[in-house]
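Novice: So that we are looking at the same thing, I have put the structure below in C-alpha cells.
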Amino acid sequence: MTTTYAVLSEGLKKRFGDVHALRGLDLAVAQGTVCGLLGPNGAGKTTAVRLLTTLLHPDAGSARVAGHDLLREPAAVRRRIGVTGQDTSVDGDLTGRQNLRLFARLHRVRDASARADELLERFGLAEAADRPASGYSGGMRRRLDLAASLVRRPDVLFLDEPTTGLDPASRNRIWDTVRHLTEEGTTVVLTTQYLEEADQLADTIALVDRGRVAHTGSPPELKALIGAYAEVVVTDADVMVKAAGVLDRLTGAEPALDRDRKAVGAVTRDPTLTLPRLVRELDSAGVPLLDASIRPPTLDDVFLRLTGSKELVA
Amino acid sequence: MSTLAYDGTAMLGRQLKRIRNNPGLVVLTQTMPITMLLFFGYVFGSAVAMPGERYRSFLVPGLLAATAAGGLTTGMLQASQDAHRGVMDRLRTLPVSRAAVPLGQAVADLVVTAAGTVPLLLVGLAVGWRIEGSAAQTAGALGLLLLFRFACTWAGILLGMLPRNEEAAGQLASTTFVLPLLSNAYIPADGMPGWLRTLVEWNPISAVATALRSLFSPRLSASLEQGGAAIARVPSHAAWPVAHPVAGSLAWCAVLIAVFAPSAVRRYARPR
Ligand SMILES: Nc1ncnc2c1ncn2[C@@H]1O[C@H](COP(=O)(O)OP(=O)(O)OP(=O)(O)O)[C@@H](O)[C@H]1O
Ligand SMILES: [Mg+2]
Numbered sequence: 106m107t108t109t110y111a112v113l114s115e116g117l118k119k120r121f122g123d124v125h126a127l128r129g130l131d132l133a134v135a136q137g138t139v140c141g142l143l144g145p146n147g148a149g150k151t152t153a154v155r156l157l158t159t160l161l162h163p164d165a166g167s168a169r170v171a172g173h174d175l176l177r178e179p180a181a182v183r184r185r186i187g188v189t190g191q192d193t194s195v196d197g198d199l200t201g202r203q204n205l206r207l208f209a210r211l212h213r214v215r216d217a218s219a220r221a222d223e224l225l226e227r228f229g230l231a232e233a234a235d236r237p238a239s240g241y242s243g244g245m246r247r248r249l250d251l252a253a254s255l256v257r258r259p260d261v262l263f264l265d266e267p268t269t270g271l272d273p274a275s276r277n278r279i280w281d282t283v284r285h286l287t288e289e290g291t292t293v294v295l296t297t298q299y300l301e302e303a304d305q306l307a308d309t310i311a312l313v314d315r316g317r318v319a320h321t322g323s324p325p326e327l328k329a330l331i332g333a334y335a336e337v338v339v340t341d342a343d344v345m346v347k348a349a350g351v352l353d354r355l356t357g358a359e360p361a362l363d364r365d366r367k368a369v370g371a372v373t374r375d376p377t378l379t380l381p382r383l384v385r386e387l388d389s390a391g392v393p394l395l396d397a398s399i400r401p402p403t404l405d406d407v408f409l410r411l412t413g414s415k416e417l418v419a
Numbered sequence: 003m004s005t006l007a008y009d010g011t012a013m014l015g016r017q018l019k020r021i022r023n024n025p026g027l028v029v030l031t032q033t034m035p036i037t038m039l040l041f042f043g044y045v046f047g048s049a050v051a052m053p054g055e056r057y058r059s060f061l062v063p064g065l066l067a068a069t070a071a072g073g074l075t076t077g078m079l080q081a082s083q084d085a086h087r088g089v090m091d092r093l094r095t096l097p098v099s100r101a102a103v104p105l106g107q108a109v110a111d112l113v114v115t116a117a118g119t120v121p122l123l124l125v126g127l128a129v130g131w132r133i134e135g136s137a138a139q140t141a142g143a144l145g146l147l148l149l150f151r152f153a154c155t156w157a158g159i160l161l162g163m164l165p166r167n168e169e170a171a172g173q174l175a176s177t178t179f180v181l182p183l184l185s186n187a188y189i190p191a192d193g194m195p196g197w198l199r200t201l202v203e204w205n206p207i208s209a210v211a212t213a214l215r216s217l218f219s220p221r222l223s224a225s226l227e228q229g230g231a232a233i234a235r236v237p238s239h240a241a242w243p244v245a246h247p248v249a250g251s252l253a254w255c256a257v258l259i260a261v262f263a264p265s266a267v268r269r270y271a272r273p274r
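First to last, the protein sequences are chains A and B.
Read in my numbering, the first sequence has 242 at position 137, and its numbers run on one by one without any break.
Read in my numbering, the second sequence has 257 at position 255, and its numbers run on one by one without any break.
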C-alpha cells in the first residue's frame, strides 16, 4: 500500500532580507494524521505554515497540499484547507456571528447562518456572539479564529500555536476537536510550543530547527533516539566509582556522577535493562543502593539533544 | 451567480456591517463638508468678489467634487487598516475571487457616499444653491459625482496598501487635504498666477467641480457670454479638462479607474 500524503514539500526556502527563515523544508504528512511542527522561537514554523497556506511565495522549492500543486493551483489548495494563523485573523469590526457567517458564505456553505450558530455554540461563544470581536478576550478571539477555520470541514487543517493563551478547559476542547476531525479524515498540521500538546496529539513530530526539519518521527521513536536515563543513588560517596563501573558495563555509555546527591546515571538504549535487573546487578557488585530509577526521556530531552537548543524548555 | 459577483456581494456586506458597527469615520467625512459649506459660504463669501448667494451656489458643486475626492482618503485609510490586520490573511486563504475584497470596499463606499451626500445637498439648497438644469443634466451630475468617487476610492485602495504600516498610511492620507485646496472647488482659478492656475486646472477635482456647476446651473454658466458674474466662469484659454468639463471629468474617471483598479487588485492578490 502506498501512503497518500496530504502535505508534501521539497526544499522550501524563504528569505526575509538577511534572515533565512526557511533553508529547505522537506515535510511529508500522511493523510488523516496529525503532524506537529516543534521548534524554538524563530525556527521557521510560522513561515512554513504561511508558505503552505498560499500566504507567502517561496523563493525556491515546491509543495503539494491536499493533492494540488501549491504554486500552480493555489485556488484549488485554498478550497481544501482551513487555517488558523499565529495572529488573530478575524475581523474585529464585526461580531463573532457576522465573522463566521461571512467566512461560511465565502466557503459556499449552504446554510451559513445555521453553521455559524452551531460553531458559536461548540466553541462556547454563543453568549458573546453579537458583540464586536475586537472586544473579545484573547482566549475568546482564539476560539473564534479556530471556529472560523472550521466553517467547512477542511481536508487539511493548519493550526499555528492553536492553544497558546487558552485556559485548560478550552485547550482540552480544542484537542478533542482535532482528534474528532482526524477521525473524519482531516489531516492536521499544527505548530506548538507545548511538548505535551505534541505528545498528546501528534502522530508524527517534525523538529524544526533553523529553517529545516532536523528530525521526524513519532513521539516514541523520537524518545527512543535519545534513550532512557538509568540512575542510582548510593549510600556512600566512596562507592560511586564502583557504581559507575557497573553502569558503564550495562549501558556502554559514560556515566555522569553527581557527588552532592551521591547519584550516578547513564543513558541506555538497551530495552532489556529493566529496573529489577539494574538493582540486581548493582547489588551483586556490592553497591549499597538508596534509590534506583530508569526514567523515559521527555520531549524536552529530545529537543535539547536533537536541536542543541536550550530555548524550548517548557 | 459568478464567483466575483457572489464574493463581491459578501465583501460588500462585510464593509457595510463594519460601517454600521462603527460609523465614526463616515459620519465625520460626511458632516465635514456641511461645516465647510457654512463656514466658507458665510465667512469667505463676504470676501470673494461674488455676492454671497452666488458664492454659495459656486461653492456647493465645488464641495460635492471635493467630498467625492475624499474617496481617496477613506479608501486609503480603510485599505491600510485592512492590509495590516489579520483578517486579510484569512481572506487570502479562502477560496475568494481576488478582486472581491477591493471591489467590495469600493462599492460599499459608493453606497455610503450616495446616502451621505443627501444632507449636503439639502443644506446646499437651504443656503441658496439651486438645481436649474434639466432632469437629465441633474441625473448626469449625480452620476458623475458617484463615478468620480468610485475612481478616487480605487486610487485610495492602492495607495493605502503601499505604505509599510498603518501609521505611515495615515500620514499619507492626511496630506490629501491639500488636493481640493489646489483646485477651483472653493475659489475660482482666474485670479491665480499662471503656473498655479495650470496646476489647478489639471487637478481632476477642478474638472469635476466645473462640470457639476455647468450641469446644475447651465443658465448661470451660459451667462458668462452675456458678461454676467458666472458661477462657472471658464476662461477660454483654460486647460482642456476644465474647458470641456464633462468630457474632461469622464476622461479623468476613466484614466483613474483604468490605472488604479487593476493595480489595486494585483497588489491585493500578490503573495508576499
Ligand atoms: N515578515 C517577515 N519579515 C522579516 N523577517 C521575518 C518575517 N517573518 C518571519 N521572519 C523571520 O524569519 C524567522 C522565522 O520566523 P517564524 O515566524 O517562521 O518563526 P517561528 O518558528 O514561527 O517562531 P515562534 O515560535 O516565535 O512563532 C525569524 O527569524 C523571523 O524574524
Ligand atoms: Mg510562529
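Note that beta-carbon positions come from the ideal geometry of N, C-alpha and C, so glycine has one too.
If you pair each beta-carbon of the segment 169 to 182 of chain A with each one of the segment 137 to 153 of chain A, do three or more pairs fall below 8 Å?
Specialist: Too few Cβ pairs lie closer than 8 Å, so no.
Novice: So that I know if they touch, is there some Cβ in chain A lying closer than 8 Å to that of D91/B?
Specialist: For the purposes of this step, residue 91/B is taken as the residue at position 89 of the second sequence. Answer yes: the Cβ-Cβ gap between D91/B and chain A drops below 8 Å somewhere.
Novice: Rounded to the nearest angstrom, what separates T11/B and G106/B at their Cα positions?
Specialist: In the second sequence, counting from the first residue as 1, residue 11/B sits at position 9. In the second sequence, counting from the first residue as 1, residue 106/B sits at position 104. If you take the alpha carbons of T11/B and G106/B, they lie about 7 Å apart.
Novice: Taking only the alpha-carbon atoms, compute the straight-line gap between Y57/B and G47/B and give it to the nearest angstrom.
Specialist: Position 55 of the second sequence, counted from the start, is the residue given in the question as residue 57/B. Position 45 of the second sequence, counted from the start, is the residue given in the question as residue 47/B. Taking the straight line joining both Cα atoms gives about 6 Å.
Novice: Quick test of your reading: C216/B and P247/B, contact by CB under 8 Å. State the CB separation rounded to the nearest angstrom.
Specialist: As a position in the second sequence, residue 216/B is number 214, starting the count at 1. As a position in the second sequence, residue 247/B is number 245, starting the count at 1. Inspection of the sequence shows that residue 216/B is occupied by Ser rather than by Cys. Sure, about 6 Å apart at Cβ, within 8 Å.
Novice: Check the Cβ of R151/B against every Cβ in chain A and list those closer than 7 Å, keeping chain order.
Specialist: On the second sequence, position 149 is the one that residue 151/B refers to. Correct list: empty, because the minimum Cβ distance to chain A is about 22 Å.
Novice: Considering A319/A, what are the terminal residues of the beta strand (DSSP E) in which it resides?
Specialist: The count along the first sequence starts at 1 and reaches residue 319/A at position 214. Here the beta strand (DSSP E) through A319/A covers R317 to G322.
Novice: Closest to G310/B by CA distance: which of P243/B, I259/B and E55/B is it?
Specialist: Nothing about residue 310/B can be reported from this structure: the residues present for chain B run from 3 to 274 only.
Novice: Note down, in chain order, every chain E residue with its Cβ under 8 Å from the Cβ of A180/A.
Specialist: Among the protein chains in the structure shown, which are A and B, there is no chain E.
Novice: Within the same chain, show all residues whose beta-carbon is closer than 6 Å to that of L126/B, passing over the 5 residues directly before and after it, in chain order.
Specialist: By 1-based counting over the second sequence, the position of residue 126/B is 124. Inspection of the sequence shows that residue 126/B is occupied by Gly rather than by Leu. Taken in chain order, the residues that qualify are V62.
Novice: Under three-state DSSP, which class holds H86/B?
Specialist: Position 84 of the second sequence, counted from the first residue, corresponds to residue 86/B. Correct three-state label for H86/B: coil.
Novice: Taking the alpha helix (DSSP H) that R227/A falls in, what are its first and last residues?
Specialist: Along the first sequence, one-based indexing puts residue 227/A at 122. Start and end: A217 to R227.
Novice: Using the three-state DSSP reduction, which class does H285/A fall into: helix, strand or coil?
Specialist: Translated into positions along the first sequence, residue 285/A becomes position 180. Residue state, collapsed to three classes: helix.
Novice: Within its chain, find whatever has a CB closer than 7 Å to the CB of R206/A; leave out the 5 residues flanking it on each side and keep chain order.
Specialist: Locating residue 206/A in the first sequence gives position 101, counting from the first residue. So the list reads A217, S218 and A221, once near-sequence residues are dropped.
Novice: If the cut is a Cβ gap below 8 Å, which residues of chain B does F208/A touch?
Specialist: As a working note, residue 208/A is residue 103 in the first sequence. Correct list: R92 and L96.
Novice: What do you get for S323/A, buried or exposed, if any count of 16 or more other CB atoms within 10 angstroms of its CB means buried?
Specialist: Here the question's residue 323/A lines up with position 218 in the first sequence. So S323/A ends up on the exposed side.
Novice: For the beta strand (DSSP E) containing G141/A, name the first residue and the last one.
Specialist: In the first sequence, residue 141/A corresponds to position 36, counting from 1. Taken as a continuous stretch (DSSP letters only), the beta strand (DSSP E) holding G141/A covers V139 to L143.
Novice: Buried or exposed: where does G64/B fall if 16 or more other Cβ atoms within 10 Å of its Cβ makes it buried?
Specialist: For the purposes of this step, residue 64/B is identified with residue 62 of the second sequence, where counting begins at 1. So G64/B counts as buried.
Novice: Measure from the alpha carbon of T178/B to the alpha carbon of each residue in L74/B, L40/B and V45/B, then state which is nearest.
Specialist: Here residue 178/B is taken as the residue at index 176 of the second sequence, counted from 1. The shortest C-alpha separation from T178/B is found at L74/B.
Novice: Taking 7 Å as the cut-off, is the C-beta of K119/A nearer than that to any heavy atom in ligand 2?
Specialist: Counting from one through the first sequence, the residue named residue 119/A turns up at place 14. No.
Novice: Going by alpha carbons, who is nearest to A260/B out of L160/B, T37/B and L39/B?
Specialist: To locate residue 260/B, count along the second sequence from 1; it is residue 258. Comparing Cα-Cα distances from A260/B to each of L160/B, T37/B and L39/B, the minimum goes to L160/B.
Novice: Measuring from the CB of D9/B, is there a heavy atom of ligand 2 at a distance below 7 Å?
Specialist: Along the second sequence, one-based indexing puts residue 9/B at 7. D9/B: no, Cβ never under 7 Å from ligand 2.
Novice: So, under 8 Å CB-CB, L147/B and L66/B are touching, yes? Tell me the CB distance rounded to an integer number of Å.
Specialist: As a working mapping, residue 147/B is identified with position 145 in the second sequence. As a working mapping, residue 66/B is identified with position 64 in the second sequence. With 8 Å as the limit, L147/B and L66/B qualify as a contact, their Cβ atoms being about 6 Å apart.
Novice: Please report the straight-line C-alpha distance between P402/A and K328/A, rounded to a whole angstrom.
Specialist: Start at 1 with the first residue of the first sequence, and residue 402/A comes out as number 297. Start at 1 with the first residue of the first sequence, and residue 328/A comes out as number 223. Computed Cα separation, rounded: 6 Å.
Novice: Would you kindly work out how many angstroms separate the C-alpha atoms of T356/A and V407/A, rounded to a whole number?
Specialist: For the purposes of this step, residue 356/A is identified with residue 251 of the first sequence, where counting begins at 1. For the purposes of this step, residue 407/A is identified with residue 302 of the first sequence, where counting begins at 1. Taking the straight line from one Cα to the other gives about 19 Å.
Novice: What do you get for E336/A, buried or exposed, if any count of 16 or more other CB atoms within 10 angstroms of its CB means buried?
Specialist: Translated into positions along the first sequence, residue 336/A becomes position 231. Classification for E336/A: buried.
Novice: Got a sec, what are the start and stop residues for the alpha helix (DSSP H) K19/B sits in?
Specialist: Residue mapping note: residue 19/B aligns to position 17 of the second sequence, counting from 1. Element bounds for K19/B: T5 to N23.
Novice: Could you check which residue in V351/A, V344/A, T282/A and T379/A has the C-alpha nearest to that of R92/A?
Specialist: Any question about residue 92/A goes unanswered here, given that chain A covers just 106 to 419.
Novice: Starting from the N-terminal end, write out each residue whose C-beta falls within a distance shorter than 7 Å of any non-hydrogen atom of ligand 2.
Specialist: Those residues, listed in chain order, are K150/A, T151/A, Q191/A, D265/A, E266/A and T296/A.
Novice: Determine whether the beta carbon atoms of L14/B and V114/B lie at a separation below 8 Å.
Specialist: As a position in the second sequence, residue 14/B is number 12, starting the count at 1. As a position in the second sequence, residue 114/B is number 112, starting the count at 1. The answer is no: Cβ separation not under 8 Å.
Novice: Are A253/A and F208/A touching if we call contact CB-CB under 8 Å?
Specialist: Start at 1 with the first residue of the first sequence, and residue 253/A comes out as number 148. Start at 1 with the first residue of the first sequence, and residue 208/A comes out as number 103. Closer than 8 Å, so yes.
Novice: Span of the beta strand (DSSP E) holding K367/A?
Specialist: Here residue 367/A corresponds to residue number 262 of the first sequence, with the count starting at 1. Neither: K367/A is in no beta strand (DSSP E) and is coded neither H nor E.
Novice: Please tell me whether R56/B has its Cβ less than 8 Å away from any Cβ of chain A.
Specialist: Counting from 1 along the second sequence, the entry for residue 56/B is found at position 54. Cβ-Cβ to chain A under 8 Å: no for R56/B.
Novice: Can the beta-carbon of T268/A be found closer than 8 Å to that of E302/A?
Specialist: Here the question's residue 268/A lines up with position 163 in the first sequence. Here the question's residue 302/A lines up with position 197 in the first sequence. Their beta carbons are under 8 Å apart, which means T268/A touches E302/A by this criterion.
Novice: Give the range of the beta strand (DSSP E) segment to which T292/A is assigned.
Specialist: In the first sequence, counting from the first residue as 1, residue 292/A sits at position 187. Here the beta strand (DSSP E) through T292/A covers T292 to T297.
Novice: Straight-line CA distance for P195/B to R202/A?
Specialist: The sequence position of residue 195/B within the second sequence is 193, counting from 1. The sequence position of residue 202/A within the first sequence is 97, counting from 1. Roughly 58 Å between the two C-alpha positions.
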